[in-house]
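Trainee: Protein chains in written order, with the numbering used here: chain A, 479 to 923; chain B, 479 to 923.
A virtual CB, placed ideally from N, CA and C, is assigned to each residue, including glycine.
Note that the structure is a prediction, hence the values are computed from the model and not measured.
#1: So, at 6 Å on beta carbons, what are the nonlocal neighbours of residue 753 of chain B in its own chain, with the 5 sequence-adjacent residues on each side left out?
#2: Could you check whether the Cβ of residue 782 of chain B sits closer than 9 Å to any Cβ belonging to chain A?
#3: Take the Cβ of residue 924 of chain B as the centre, count every other Cβ of all protein chains shown within 10 Å, and call the residue buried at 16 or more, exposed below.
#4: Using DSSP with H/G/I as helix, E/B as strand and the rest coil, what is residue 629 of chain B?
#5: When the Cα of residue 762 of chain A is compared with those of A/794, A/789, A/743, which residue comes out closest?
#6: Output, in chain order, the set of chain A residues within a Cβ distance shorter than 9 Å of residue 593 of chain B.
#7: By how many angstroms is the C-alpha of residue 530 of chain B removed from the C-alpha of residue 880 of chain A?
#8: According to DSSP, what are the bridge partners of residue 518 of chain B?
#9: If we cut at 9 Å on Cβ distances, does residue 645 of chain A have a partner in chain B?
#10: According to DSSP, is residue 794 of chain B part of a helix, a strand, or is it coil?
#11: Are there 16 or more other CB atoms within 10 angstroms of the CB of residue 547 of chain B, so buried, or fewer, so exposed?
#12: List the residues of chain A that residue 522 of chain B touches, going by C-beta distances under 9 Å, in chain order.
#13: Under three-state DSSP, which class holds residue 660 of chain A?
#14: How about residue 630 of chain A: is its C-beta nearer than 9 Å to some C-beta of chain B?
#15: So, are the CB atoms of residue 669 of chain B and residue 709 of chain B less than 9 Å apart?
#16: Measuring alpha carbon to alpha carbon, tell me which residue in A/498, A/756, A/863, A/817 is nearest residue 601 of chain A.
#17: Using the Cα positions of residue 854 of chain A and residue 917 of chain A, report the straight-line distance between them to the nearest angstrom.
#18: What in chain A is Cβ-close to residue 711 of chain B, meaning under 7 Å?
#19: In terms of residues, what are the limits of the beta strand (DSSP E) holding residue 716 of chain A?
#20: Would you call residue 702 of chain B buried or exposed, if buried means 16 or more other Cβ atoms sit within 10 Å of its Cβ?
#21: Between residue 626 of chain A and chain B, is any beta-carbon pair separated by less than 9 Å?
#22: Drop a sphere of 10 angstroms on the beta-carbon of residue 808 of chain A, count the other beta-carbons inside from all chains shown, and report buried for 16 or more, exposed for fewer.
#23: Can you look up residue 676 of chain B in the DSSP assignment and give me helix, strand or coil?
#24: Taking 8 Å as the cut-off, does the CB of residue 622 of chain B come closer than this to any heavy atom belonging to the ligand NAP?
#25: Could you check whether the Cβ of residue 512 of chain B sits closer than 9 Å to any Cβ belonging to chain E?
#26: In the DSSP assignment, what residue or residues form a beta bridge with residue 771 of chain B?
#27: Residues of chain B with CB under 8 Å from residue 598 of chain A, in chain order?
#28: For residue 492 of chain B, does the three-state DSSP call read helix, strand or coil?
#29: Taking C-alpha atoms, which residue in B/630, B/812, B/789, B/706 lies nearest to residue 737 of chain B?
#30: Using three-state DSSP, classify residue 763 of chain B as helix, strand or coil.
#31: Quick check on residue 843 of chain B: buried or exposed, where buried means 16 or more other Cβ atoms within 10 Å of its Cβ?
#32: Reducing DSSP to helix, strand and coil, say where residue 851 of chain A ends up.
#33: Can you give me the C-alpha to C-alpha distance between residue 897 of chain B and residue 649 of chain B, rounded to a whole angstrom?
#34: Give every residue of the same chain whose Cβ lies closer than 6 Å to the Cβ of residue 687 of chain B, excluding the five residues on either side of it in the sequence, and list them in chain order.
#35: Give a yes or no on contact between the region 764 to 784 of chain A and the region 853 to 867 of chain A, applying the rule of three or more CB pairs nearer than 8 Å.
#36: Can you give me the C-alpha to C-alpha distance between residue 746 of chain B and residue 739 of chain B, rounded to a whole angstrom?
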């Protein structure tokens, strides 16, 4: 690293500009940065990130460092194994077996086999290939505001982003389940309405001469804005898909590993068992590892004609990192803590809402919370611009947060699982300031 | 790790059986293991791998540990950065810029932008999406014995494996360039014959109403068996594709990073400049990192309607590992050493061939060498079964090697780049033994 660069102060706009120009020259235009004034992070610890200026930020966004940035137990496991051996799954190694055992033990009976890749995209790719092989069908049903990854086939089912890539005819969408506004605001009828949409999707496929291979959802509908879905919604939807011969793929990349507090997996919180579950981001606390968990019949159908190899997937170092993450989750009881801290934070947010009309709804579970910002409490008009302002103001106030949802009006709280009550209090304080300022600015308009 | 397991002797068939059964139960049937008697590797250093029994193996196969298993400089870089920070490219970080600069400096002018992913599959996925966006076309031209990865779209262009997944109509194949047998054994006409196949492929696409988006090849045709391609072959082929509006994607996952000795990249050894280059395996010496290198116009065409984010791609730890790999390559002059050791090994192999009629041909460059085994020197009938025997016998003799090619009759020599002359001598000795035994066994038939 060049000394001039590493001493760069982020507050110096010329130096920031130099860094941004260098980035655009070397990495091109297709990447995005967070925040109007991008953050130049140089170190991290627990829930804290530090920029080149020495400024400390509370990380309320990143779920990849699941047990905290640079957790010493995970770092130690990575270093120890990287010093010893890092190969692949075409040799025998015990760590991958130990991890597969620990991981599948976390699943209901029948979901007892794990296969490994490096990213959530790759896990969803494998799930898609498994589902197609098992069903002999190609149809994919997804919600219309989903994120599942960045490869060609997965970008096709990632409906949240605009793309010039024409969606193939095997992909059909169902409306985003939004319990707060739109089609489904009447909760009594919502589950049946959703189910009817699944039926329509299957009929649309049939009109194209296709059958469903799978219905895939993020089981807390992260990108859809963490809607409160009515009880039985997912079970009803899955039953319809299964009746038509399709599988249910639970994308646990965001909700998984205890984040929801109530359950270790999102599908469990919905009371439905998937045919295939995929997981990624938090597994290795930042070390690239992802997995597919499924049953022998699903794998055997694929294996009739294909096999699978992923060079880095399930490597000894990846598994050492992932085992350490499971250890920390268990030793520190992070699932229970996520529930407790999440409830505490939610109560604080409700208090905040009594004084701030921008807050239309507070949703989510454990340490995965969405704050739906509205321009008007009655019309529930999404406060999209205000959300952007709040996100950027919070960054100035030392809190890194993001936004989500089909109107991008939902503040997304998804911190490392070691997030404490005092972290929650700091967030509430800064959030109060940012939202009050945003509201005041609106009032002045 | 359970003590009983970690003390397991590989020579104990009961314990090996237990491990195999445990693996099948936990990881299913879709994975393959190397060798009739799988190896249970527990540690590695340089070109050496050690099994649970303490047996030492010369690693002649693995290109992922490019600068040697557990190279201390790379491990140290990983540990240091993992202790400090591991986030993503939506914050500014200098390591990704420093690496992008070092990497693109290794490319010809115009190939000056790097984008990052985790695996070769993901790099090829991104390349495919870029090529489709740039050309507005969908046709993909590949050889008929290619390996490019494991996702849905990349498995479609991975023609070496049987699969039940019907190849989409946008994919057309050209015959594997084999200079040693078959269609192209007459070298004088080979380049024109190959070019004609490309023309036919483009016409096939046209008949389907499609245009070529890209022609993608591993630039040393690794999986095709490292054929000696005639001078100008690739240039002629690429010219035809470009005339039809398609791009040329150089898959450098195997040949890249100096392995060929003569050049840092395979495309340079073929005297042709790609529109997009992809790379993976050796980049991080086992830490998952891959990249696409291309030009601004290609990225900008994609960026008109899409953006790209890969959670772990280009992370600070990945870039620290990759920078350390480049440092070691440069400090130890590994490209020049690959050429020198590769030439020394090739001479030794030629000597071996004078005494062993199984050796039909010796091909490749630097530390990427193929030994084409034949049943008969005149007919050049591929010695497929004998190759399998030799691979398994070498494993017993303490040498880990693999095979490749459309007839799976080519011993594939692709060791870590720190492979020395004395390593080469050991390989020659053991190879001599294994091939003599294999030949003798054949003679007795």
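Mentor: Per the coordinate set shown:
#1: If you number the second chain from 1, residue 753 of chain B lands on position 275. Cβ within range, chain order: 725, 726.
#2: Numbered from 1 along the second chain, position 304 holds the residue referred to as residue 782 of chain B. Residue 782 of chain B counts as touching chain A.
#3: Nothing in the structure corresponds to residue 924 of chain B, since chain B is present only between 479 and 923.
#4: As a first step, residue 629 of chain B is located in the second chain; it is residue number 151 there, counting from the start. Here residue 629 of chain B sits in coil by DSSP.
#5: Reading the first chain from its first residue, position 284 is the one you call residue 762 of chain A. Comparing Cα positions, the closest option is A/794.
#6: Here residue 593 of chain B is taken as the residue at index 115 of the second chain, counted from 1. Listed along chain A are 505, 506, 508, 509, each with a C-beta nearer than 9 Å to that of residue 593 of chain B.
#7: Residue mapping note: residue 880 of chain A aligns to position 402 of the first chain, counting from 1. Residue mapping note: residue 530 of chain B aligns to position 52 of the second chain, counting from 1. It is roughly 47 Å from the alpha-carbon of residue 880 of chain A to the alpha-carbon of residue 530 of chain B.
#8: Here residue 518 of chain B is taken as the residue at index 40 of the second chain, counted from 1. Residue 518 of chain B pairs with A/570.
#9: Working through the first chain from its first residue, we reach residue 645 of chain A at position 167. No, because no Cβ of chain B sits closer than 9 Å to the Cβ of residue 645 of chain A.
#10: Residue mapping note: residue 794 of chain B aligns to position 316 of the second chain, counting from 1. Three-state DSSP puts residue 794 of chain B in a helix.
#11: As a position in the second chain, residue 547 of chain B is number 69, starting the count at 1. Residue 547 of chain B is buried by the Cβ-count criterion.
#12: One-based indexing of the second chain puts residue 522 of chain B at position 44. The answer, in chain order, is 562, 563, 564, 565.
#13: In the first chain, counting from the first residue as 1, residue 660 of chain A sits at position 182. Three-state result, residue 660 of chain A: helix.
#14: Translated into the one-based positions of the first chain, residue 630 of chain A becomes position 152. Among the residues facing chain B, residue 630 of chain A is included, as its CB has a counterpart in that chain under 9 Å away.
#15: Position 191 of the second chain, counted from the first residue, corresponds to residue 669 of chain B. Position 231 of the second chain, counted from the first residue, corresponds to residue 709 of chain B. Between residue 669 of chain B and residue 709 of chain B, the CB-CB gap stays under 9 Å.
#16: Position 123 of the first chain, counting from 1, holds the residue named residue 601 of chain A. In this structure, A/756 is the residue among A/498, A/756, A/863, A/817 with its C-alpha nearest to the C-alpha of residue 601 of chain A.
#17: The residue you call residue 854 of chain A lines up with position 376 of the first chain. The residue you call residue 917 of chain A lines up with position 439 of the first chain. Rounded to the nearest angstrom, the two C-alpha atoms are 11 Å apart.
#18: Within the second chain, the letter at position 233 stands for residue 711 of chain B. By Cβ distance, chain A contributes nothing, its closest Cβ being about 28 Å from residue 711 of chain B, past 7 Å.
#19: Here residue 716 of chain A is taken as the residue at index 238 of the first chain, counted from 1. Per DSSP, residue 716 of chain A belongs to no beta strand (DSSP E); it is in the alpha helix (DSSP H), 711 to 721.
#20: Start at 1 with the first residue of the second chain, and residue 702 of chain B comes out as number 224. Buried: at least 16 other Cβ atoms inside 10 Å.
#21: Here residue 626 of chain A corresponds to residue number 148 of the first chain, with the count starting at 1. Chain B contact via Cβ: absent.
#22: Stepping through the first chain from its first residue, residue 808 of chain A is reached at position 330. Its Cβ having fewer than 16 others within 10 Å, residue 808 of chain A is exposed.
#23: Taking the second chain and counting its residues from 1, one reaches residue 676 of chain B at position 198. In the structure shown, residue 676 of chain B sits in a helix (DSSP, three-state: H, G or I).
#24: Of ligands this structure carries none, so the ligand NAP is not represented either.
#25: Absence of chain E from the displayed structure is noted, the protein chains being A and B.
#26: In the second chain, the residue the question calls residue 771 of chain B occupies position 293. Among the bridge pairs identified by DSSP, residue 771 of chain B is matched with B/592, B/755.
#27: In the first chain, the residue the question calls residue 598 of chain A occupies position 120. Residue 598 of chain A reaches chain B at 789, counting residues in chain order whose Cβ is nearer than 8 Å.
#28: Position 14 of the second chain, counted from the start, is the residue given in the question as residue 492 of chain B. Residue state for residue 492 of chain B is assigned as helix, using DSSP reduced to three classes.
#29: One-based indexing of the second chain puts residue 737 of chain B at position 259. Among B/630, B/812, B/789, B/706, the Cα nearest to that of residue 737 of chain B belongs to B/812.
#30: Sequence index remark: in the second chain, residue 763 of chain B carries index 285 (1-based). Assignment of residue 763 of chain B by DSSP, reduced to helix, strand and coil, places it in the strand class.
#31: For the purposes of this step, residue 843 of chain B is identified with residue 365 of the second chain, where counting begins at 1. Looking at its Cβ environment, which holds 16 or more other Cβ atoms inside 10 Å, residue 843 of chain B is buried.
#32: Stepping through the first chain from its first residue, residue 851 of chain A is reached at position 373. In the three-state reduction of the DSSP assignment, residue 851 of chain A falls in the strand class.
#33: Here residue 897 of chain B is taken as the residue at index 419 of the second chain, counted from 1. Here residue 649 of chain B is taken as the residue at index 171 of the second chain, counted from 1. Straight-line spacing of the CA atoms in residue 897 of chain B and residue 649 of chain B works out to 38 Å.
#34: On the second chain, residue 687 of chain B is found 209 positions in, with the first residue counted as 1. Close CB contacts of residue 687 of chain B within its chain, under the 6 Å cut and outside five residues either way in sequence, are absent.
#35: The region 764 to 784 of chain A makes no contact with the region 853 to 867 of chain A, as fewer than three CB pairs between them are under 8 Å.
#36: Position 268 of the second chain, counted from the start, is the residue given in the question as residue 746 of chain B. Position 261 of the second chain, counted from the start, is the residue given in the question as residue 739 of chain B. Looking at the two C-alpha atoms, the distance is approximately 11 Å.
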